[in-house]
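The structure appears right after this line, and notes come after that.
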Amino acid sequence: MKIPRLLQAILVLAGVYFGFIVVFDVILDAVIPSSLLAMYMFFTTAGVFMVFTYDEEQTQELVAPIKSLVEDPTKRAWRNIVFVVVPLAAGGGTYWQMQPSFEAPLELRTIHPAPPSTAKIYGKRVNLLKLENPFREVEKKDPEKFRELVNGGAAIYIQNCQYCHGDKLDGNGPYAAGLNPTPLNFQDVGTIAQLQESYLYWRIATGGPGLPKEAAPWISSMPVWQNFLKEDEIWKVILFLYDYTGHRPRSWEHE
Amino acid sequence: MMGGGLIRTVLLPAIAAGFLLLSPGLIAAKDGDGEKGETVYIKRCLQCHGDEGDGLGPAADRLNPPPRDFTLGLYKIKSSAFDADLVNDDDLFRMVRDGMPGTAMPGWGDMLSEQDMWDVITYIKSFAELEGTPEGQVDYGKQIESSPESIAAGKKYFLADDRCSECHGVEGRGDAIKKLKNDNGERTWPRNLTKPWTFRASNDPKDVFTRITVGIPTTQMPSFADPKSKKKLSIEERWHIANYVVSLAKTKKVVRPENTVIKAVRVEGDLPTSPDDPVWEGASPTTFFMVPQIVGKERFFKAANDTISVRAFYNSDKIGLLLEWDDRTKSIPGDAKAKSIAEGELTEDAIAVQFPVKIPTGMEKPYFLMGDTAKPVTLWRWSSGTTETAESAAIVDAQGFENLITRDTATDLTATGSYKAGTWRAVMTRSLRTDETDKDLQFEEGRFVPVAFFAWDGSNGEVDTRLAMTTWYWLLLTPSSGAKPLIFAIAVALLMGGVLVWWGRGAALRRKNAIS
C-alpha cells in the first residue's frame, strides 16, 4: 500500500523531531534551548517542503488530500469538523504560547577561568606561574615516602572534601545534590586532568570567593581552604587527587 | 523539553526501577579472593572503614552515621532470618554495589568490577572471622499487593500498641519521643519514612517487609517476626505495614532538581497568616535539599534538617511565605521533655530566609552564605520561643557570618509557627516595599529574586554557624498574564476560521460556475 505523500511528509517531520529529542535530550542529556529547537524545526520543515514539492506533479500529489477536503462536496461533514477544530487548535496554541513560562534566568559561568599570575595566599603574594608542588619530586626519588604523602592527602580528603566531591571523586558526594553549582567531578577528563598543580593550589586555597567575576564566585560553595588547612596539607591533597584518579597534572615541560 | 522530559521522567526511571527490582535476584554469589580484596580495600575502603576494619577511619567522627565496624560482623541490611548470626553474601554485595543512601557509603558498582566487589567482600568478612552460610532465611509468604484496604490495615498495625509510631511518630516522620542509641552508644534517629531517598536499602515493599521482619542490626529498630516480641506481626500483617510505609512517600513535597523557582501566587485581599490555613493548598510547594554548613567557620557536619518546602502568596502590598520542614524534635528550651531528648544544650528551633538587599540587575549576587561586606543580605528569621518567651520574628542585616546585626527597632515582619507530627510550618509576612530602600529589598512583580534558606534544630546543638543551608534559588512574584493571551487566541481563531470559510466558499463558487 502506498502511503499518501502528505502523510509521508508529516511522518518525516515527526521522525526528525523525535530523533532530535532522543539524541540530545535522552542520550546526551543536554539542555536544549527551545529557540534552537524552533530554528532546527523551521529549517527541516522548509527542506522537507522543498523536497516534496520538487516538481508540479509531486506538488499536486502533496496538496491533493487538502484540496479534496475543501473542494469535494461529498466530504462536507469532514470539512465542517476540520473548519471548527483547526481554528480552535490554533487559538488554543496561541493561548499557551503566550502564557509566560517563568523559567529561571540562565546563569552562564566560566568553570575554568584564567588564573591570575599572582595571588595572595596565606598572607603571602605567590607567583602562580612559577609555583610547583614541593612534594612532586618525591614521587621518583622516594616512592615509599611519596605513598605516605598520598595517604596523608587521602585522610585530608576524606575528612574535608568527600561530602561534596564524593569518596569516588566523581563530584557526587552526599551533599552534592543540595549544591548549585554542583561540586566538580575529578574523574572527568575535563577537570584536574587539564590543569596544573599550581592552578589547583590557587583554587583550593582561595575557594569559591577567590574566583574572578566571570566564574560567579558568589554562588560557588567551594570553601576557602586556607582558612582550614595548612599549606602542605593542600599540596598533599593535590597529590591524592591525581593518584586516586590516575590523571597526571599538566606541566610546563609538556607544552 | 516536553517529549524528552517525559521519556526521562517517566520511562527511564521506570526501566531503572524494573532493573533494580529484578537485580537482587540476579546476584550470583561468587567466591572472592581475599588477597586481591585487600588491595581493593586499601585503595577504596580503608579511608572510612579503617586499617583494622573497625570503622575508625580519619573521618569517623564527622560522618553520621559513622562507617561500619567490620570486626563485629554485624550488618544493617540483612535478608537472613532475624536470629541468624550471618547475613547473606548477596546482602553485602548489594550494599557494596548500590551504596547506602543517606550516608557517606557510596555505591561502587560503577567503579569496581563484579569480581573486585566479591574479592573485597571476602576480605571484609575476614575481619570478623565469621564463615559459613546463615542458618535461616526470611519467609516472605505470599506478597500482598498494595491497595487502599491493605494500606489502611497497615496503618492500623503501625499505630496499634504504638508499634512503629513509638519511634517513627504517628505520621512516620521519625519524630521520636525517645532518645535512641546504636550498639556503639552513638545517637541514632528513627528513619523519616516520608523520605525514601534516605533509606539505607530502599522503600520497595519487599525491602520494607524485610526490614520489619529482621530489624536493623546494630540499631534499635527491632524485628517484628521475633516470637518473643509482644508486638510480633504475622507475615500478612507485615505486608500490609510495608504497603503503608511505601504509601507515606507519596507527597507533593519532593525535591525536583529542575524546579528552582518559588512562584508566589497573586491574590486579592488578605494573605493567610496561620500556617494551618487550608488556603495555602492553593500554592504549590517548591522543595529544596538542605545540607550541613561546612563552608564557613565553624563547620558543622551533622545538621538534622535536610529539606525545606516553600509556598508563597502576595497581594498588592504584602508577601507571605509558608515554610515547611520536617524536624524530629520540637525544641522549646525550658520544656522537660524536649530537654530529655535533646543532644547537648537545648536551644530554640529557627528558620531564616535570605534575600539580597537589591534585586540584582546582572548575574552578580551577594555571596550565598550570608553575604559579604561588598554585598550585604537581609535575613528574615523566626525562632520557636521558650517556655518563658513567645516565638519571635527578627530582621538581621548580614555581611557574612561575623557580621550579623539584628535590627532592634520593631519591623513589619510577622511570623508564626506551628508544630505537628514531626513538621514545623511557619508563615512569614512582610510588606513588598519599605522605607529603608538601602537596607531592604523592594519586591517587584515579574522580577526574579534570589532567595536562600537556613535552618537550626535546637535539639541537635544547632546555633549560629551550626546550621543546615541551601544555596541560592529564586522567588518570583508571578504577574497575572492579564487578558492579552485570550484576546490574541480569539483573534487567531477567528482569522483562521475566516480564511478557511473563504477558501471553502471560493471552491463552492468555482464549482457552481463550472457546472452552469
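Residue numbers (numbering that gives the first Met the number 0), protein chains in the order written: chain E, 0 to 254; chain C, 0 to 515.
The C-beta atom is built at its ideal place from N, Cα and C for all residues, glycine as well.
*C-beta contact flag for residue 199 of chain C and residue 75 of chain C at 7 Å*: Between residue 199 of chain C and residue 75 of chain C, the gap from beta carbon to beta carbon is short of 7 Å.
_Determine, for residue 185 of chain E, whether the minimum Cβ-Cβ distance to residues of chain C falls below 7 Å._
It does not: the Cβ of residue 185 of chain E has no partner Cβ on chain C nearer than 7 Å.
*Are the Cβ atoms of residue 218 of chain C and residue 181 of chain C separated by less than 7 Å?*
Result yes, Cβ atoms of residue 218 of chain C and residue 181 of chain C sit closer than 7 Å.
_Given this structure, state the Cα-to-Cα distance separating residue 53 of chain C from residue 107 of chain C, to the nearest angstrom._
Approximately 20 Å between the Cα atoms of the pair.
*Where residue 109 of chain E and residue 152 of chain C are concerned, what is the direct C-alpha to C-alpha distance, given to the nearest angstrom?*
So the two alpha carbons sit approximately 55 Å from each other.
*Give the interface partners of residue 363 of chain C over in chain E, defined as CB-CB distance under 9 Å, in chain order.*
Identification of chain E residues near residue 363 of chain C by a Cβ-Cβ cut-off of 9 Å yields 212, 215 and 217, ordered along the chain.
*Determine contact between the stretch 107-122 of chain C and the stretch 35-46 of chain C, defined as no fewer than three beta-carbon pairs at a distance below 8 Å.*
With a cut-off of 8 Å, the stretch 35-46 of chain C and the stretch 107-122 of chain C count as touching, because enough Cβ pairs lie within range.
*At least one CB of chain E closer than 7 Å to the CB of residue 259 of chain C: is that the case?*
Cβ-Cβ to chain E under 7 Å: yes for residue 259 of chain C.
_Cβ closer than 8 Å: which chain C residues qualify as neighbours of residue 78 of chain E?_
Residues of chain C passing the Cβ test: 503.
*Buried or exposed (CB count within 10 angstroms, at least 16 for buried), residue 107 of chain E*: By the 10 Å Cβ count, residue 107 of chain E comes out exposed.
*Establish whether the CB of residue 158 of chain E and some CB of chain C are separated by less than 7 Å.*
Yes, because at least one Cβ of chain C sits closer than 7 Å to the Cβ of residue 158 of chain E.
_Please list the terminal residues of the continuous beta strand (DSSP E) segment that includes residue 96 of chain C._
From DSSP, residue 96 of chain C is part of no beta strand (DSSP E) but of the alpha helix (DSSP H) over 88-97.
*Helix, strand or coil for residue 452 of chain C, going by three-state DSSP, please let me know.*
Strand.
*asked:* Per DSSP, what are the beta-bridge partners of residue 342 of chain C in this structure?
replied: In the DSSP output, where bridge partners are listed per residue, residue 342 of chain C has none listed.
_If I follow the unbroken beta strand (DSSP E) through residue 355 of chain C, where does it start and stop?_
DSSP places residue 355 of chain C in the uninterrupted beta strand (DSSP E) bounded by 349-355.
_Rounded separation between residue 402 of chain C and residue 352 of chain C - CA only_ = If you take the alpha carbons of residue 402 of chain C and residue 352 of chain C, they lie about 17 Å apart.
*Can you list the residues of chain C that residue 69 of chain E reaches, using a CB-CB cut of under 7 Å?*
Result: 502, 503 and 506.
_C-alpha distance - residue 173 of chain C paired with residue 233 of chain E, whole-angstrom precision_ = Those two C-alpha atoms are separated by around 40 Å.
_Less than 7 Å between CB atoms is the rule here; does residue 517 of chain C satisfy it with respect to chain E?_
As shown, chain C starts at 0 and ends at 515. That puts residue 517 of chain C outside it, with no answer to give.
*asked:* Under DSSP, the beta strand (DSSP E) around residue 318 of chain C begins and ends at which residues?
replied: Bounds of the beta strand (DSSP E) holding residue 318 of chain C are 317-325.
*So is residue 53 of chain E buried or exposed if we call it buried at 16+ other beta carbons inside 10 Å?*
With fewer than 16 other Cβ atoms within 10 Å, it is exposed.
*Using a Cβ-Cβ cut-off of 7 Å, state whether residue 154 of chain E counts as contacting chain A.*
Given the protein chain composition of this structure (E and C), no chain A is represented.
*Along the alpha helix (DSSP H) that carries residue 210 of chain C, what are the first and last residues, could you check?*
Start and end: 204-213.
*Spell out the partners DSSP gives residue 95 of chain E in its beta bridges.*
BP columns for residue 95 of chain E are empty, so no partner.
*Keeping to the same chain, check which residues put their C-beta closer than 8 Å to that of residue 288 of chain C; ignore five residues upstream and five downstream.*
Close CB contacts of residue 288 of chain C within its chain, under the 8 Å cut and outside five residues either way in sequence, are with 254, 305, 306 and 469 (chain order).
*Counting Cβ pairs, one atom from each stretch, are 3 or more of them under 8 Å apart for the stretch 455-472 of chain C and the stretch 361-375 of chain C?*
The answer is yes - the stretch 361-375 of chain C touches the stretch 455-472 of chain C, with three or more Cβ pairs under 8 Å.
*Closer than 7 Å by beta-carbon distance: list the chain C residues that pair up with residue 85 of chain E, in chain order.*
The answer, in chain order, is 495 and 499.
*Would you kindly work out how many angstroms separate the C-alpha atoms of residue 495 of chain C and residue 265 of chain C, rounded to a whole number?*
Straight-line measurement puts the Cα of residue 265 of chain C at about 34 Å from the Cα of residue 495 of chain C.
*If you count every other CB in all the chains shown that lies within 10 Å of the CB of residue 49 of chain E, and 16 or more means buried, which is it?*
Flag for residue 49 of chain E reads exposed.
_Need the endpoints of the beta strand (DSSP E) that residue 379 of chain C sits in, please._
Going by DSSP, residue 379 of chain C is part of the beta strand (DSSP E) stretching over 376-382.
*When C:292, C:329, C:166 and C:377 are compared against residue 439 of chain C, the one with the closest alpha-carbon*: Cα-wise, what sits closest to residue 439 of chain C is C:377.
*In its own chain, which residues sit with a C-beta less than 6 Å from the C-beta of residue 49 of chain C, not counting the 5 before and 5 after it?*
The residues are 55 and 56.
*On the three-state DSSP scale, how would you describe residue 180 of chain C?*
Looking at residue 180 of chain C - three-state DSSP - the assignment turns out to be strand.
_Cβ contact check for the stretch 493-511 of chain C and the stretch 272-286 of chain C: 3 or more pairs under 8 Å_ = The stretch 493-511 of chain C makes no contact with the stretch 272-286 of chain C: fewer than 3 CB pairs, one atom from each, lie closer than 8 Å.
*Counting contacts by CB-CB distance shorter than 7 Å, is residue 100 of chain E in contact with chain C?*
When Cβ-Cβ separations below 7 Å define contact, residue 100 of chain E makes no contact with chain C.
*Member of C:327, C:324, C:363 and C:388 whose CA lies at the smallest distance from the CA of residue 333 of chain C*: Measuring from the Cα of residue 333 of chain C, the nearest candidate turns out to be C:388.
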